[in-house]
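2 protein chains.
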Amino acid sequence: MSVKNKTRYAILGVLNSSPCTGYDIKKYCDRIIAHFWNENYGHIYPVLKALQEEGLIERVEEETNDRKKKYAITGKGREEFLSWLKEPAHYQPARSEFLLKLSFSKDLHKDEIRSMILKYKEDYVKKLDGYGKMEEYMKQKEGALETQQGFFLYAPLRYGIRSAESAIAWCDEMLNEIDLLK
Amino acid sequence: MSVKNKTRYAILGVLNSSPCTGYDIKKYCDRIIAHFWNENYGHIYPVLKALQEEGLIERVEEETNDRKKKYAITGKGREEFLSWLKEPAHYQPARSEFLLKLSFSKDLHKDEIRSMILKYKEDYVKKLDGYGKMEEYMKQKEGALETQQGFFLYAPLRYGIRSAESAIAWCDEMLNEIDLLK
DNA sequence: TTCCTCATGTAATTCGTTACATGATTGC
DNA sequence: GCAATCATGTAACGAATTACATGAGGAA
């Protein structure tokens, strides 16, 4: 098994919708689910090979381009994927470098802390802006919410939007608190 | 340098407040900053040794118990710590196994998705409850917000509270959407 | 006497990222 | 002709978790 766990299921999940190449999978990660998941080639290709050896995926013909290696999920693969899907998601230990820094910042000057938070806020404002555009796009193009298909991309997006809004609100709250401090 | 980066600064940050043993550092992580940071012995002890060799921390006497190894930050250590503190925090690529599963759940039954989200919500309700208790505790014990000291623990806690509230609100929104679906 | 917390460490494994290496095709 | 994107892969490194190993001291 060697290379397993997360990447494994991310790949099976993508292939469960339609046959893809490793490159396609990377593209899917970067364009569609980037705000809550990421993969890199260094992991995708070895796992693809391992999954094939285990019989969870198989090569399919690709006429247009012989360099491409297109894979499809097998029945066995779908089984394992579904059983993973039904398990509760593992809790992942939180690690926020930003909050770590903030919690250690007693020796910094007020202004430094203020600009630290401001920078953090700006990052989330940008993110929120990106999410907003995606939301617009989904709403007009796919009719998103009405269809099942749409829901499963729209829901994580809404999560991102709410998280970003909440981070921004926190920044504003803290910027106020700092002014009141000492 | 070998073992470096994050753990390194987490340790320096704890020692920047007061001299500690490796065990104390672990305790601090588990009790005070657990909601946004975590460390384990397997990393703490080797890094402690490495930091001492680099002259960023040093052994201090511990009268009560000779088995204890208490370390303090040095001038050089404080310098490096502060320069890290002033750098902007690195963006960390998001990975939410829960959202990954949800985005792949088109083949699951409505009820399964509903209970998936309900479980997720319960986890956050519990977390929020824990944060609430911590907040109460901090407010009465330390006078939290008024003092500088308090602020730097209170601010990350507020972040946790807002995140949890936002996650719970998202769950409710999605539970509604699911009922409207199809 | 048994369990819990204190206390320190090593080894093995798994995981994730980055850098490296190569080359075809497409559009400007 | 050049840059961008398509396309596949390996190697090395860096980091994080888990398991293993040991033992003291105090409380119930």
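The listed protein sequences correspond, in order, to chains A and B. Okay, so the first sequence: first residue is 1 according to the UniProt record's numbering, each after it adds one. Okay, so the second sequence: first residue is 1 according to the UniProt record's numbering, each after it adds one. We put the beta carbon where it would ideally sit given N, CA and C, even for glycine. Since we're looking at a predicted model, the values are computed, not measured.
- D129 of chain A and A34 of chain B have their C-alpha atoms spaced approximately 31 Å apart.
- Between F81 of chain A and Y28 of chain A, the C-beta spacing is not below 8 Å.
- DSSP places I25 of chain B in the uninterrupted alpha helix (DSSP H) bounded by 22-31.
- Per the coordinates, the alpha-carbon of G150 of chain A lies some 24 Å from the alpha-carbon of Y124 of chain A.
- The beta carbons of E58 of chain A and Y71 of chain A sit closer together than 8 Å.
- In the DSSP assignment, E58 of chain B forms a beta bridge with B:A72.
- With its beta carbon at least 8 Å from every one in chain B, L128 of chain A lies outside the interface.
- In this structure, K69 of chain B sits away from T7 of chain B, with a CB-CB distance that is not shorter than 8 Å.
- Selection A:G75, A:E61, A:E112, A:L118 evaluated against L51 of chain A yields A:G75 as nearest (Cα-Cα).
- One finds Q148, Q149, F152 in chain A with Cβ atoms closer than 7 Å to the Cβ of K106 of chain B, taken in chain order.
- With distances taken between CA atoms, D30 of chain A lies nearest to A:V14 out of A:V14, A:S18, A:P19.
- By the Cβ neighbour-count rule, L180 of chain B is exposed, with fewer than 16 other Cβ atoms within 10 Å of its own.
- In the three-state reduction of the DSSP assignment, A89 of chain A falls in the coil class, being assigned neither a helical nor a strand state.
- Relative to the Cα of R95 of chain A, the nearest Cα in the group B:N40, B:I117, B:H109 belongs to B:N40.
- If you compare the alpha carbons of A:R114, A:R158, A:G132, A:P156 with that of M174 of chain A, the shortest gap goes to A:R114.
- Between the alpha carbons of R158 of chain A and G77 of chain A lies a distance of about 30 Å.
- Only F81, L82, W84, L85, K86, E87, P88, A89, H90, Y91, Q92, P93, A94, R95, S96, E97, F98 from the stretch 81-98 of chain B bring a Cβ to less than 9 Å from some Cβ of chain A.
- DSSP places E173 of chain B within a helical segment (H, G or I) once states are collapsed to three.
- Residue state for F104 of chain B is assigned as coil, using DSSP reduced to three classes.
- The contact set of G77 of chain B on chain A, defined by CB atoms closer than 7 Å, is empty, because the minimum CB distance reaches about 13 Å.
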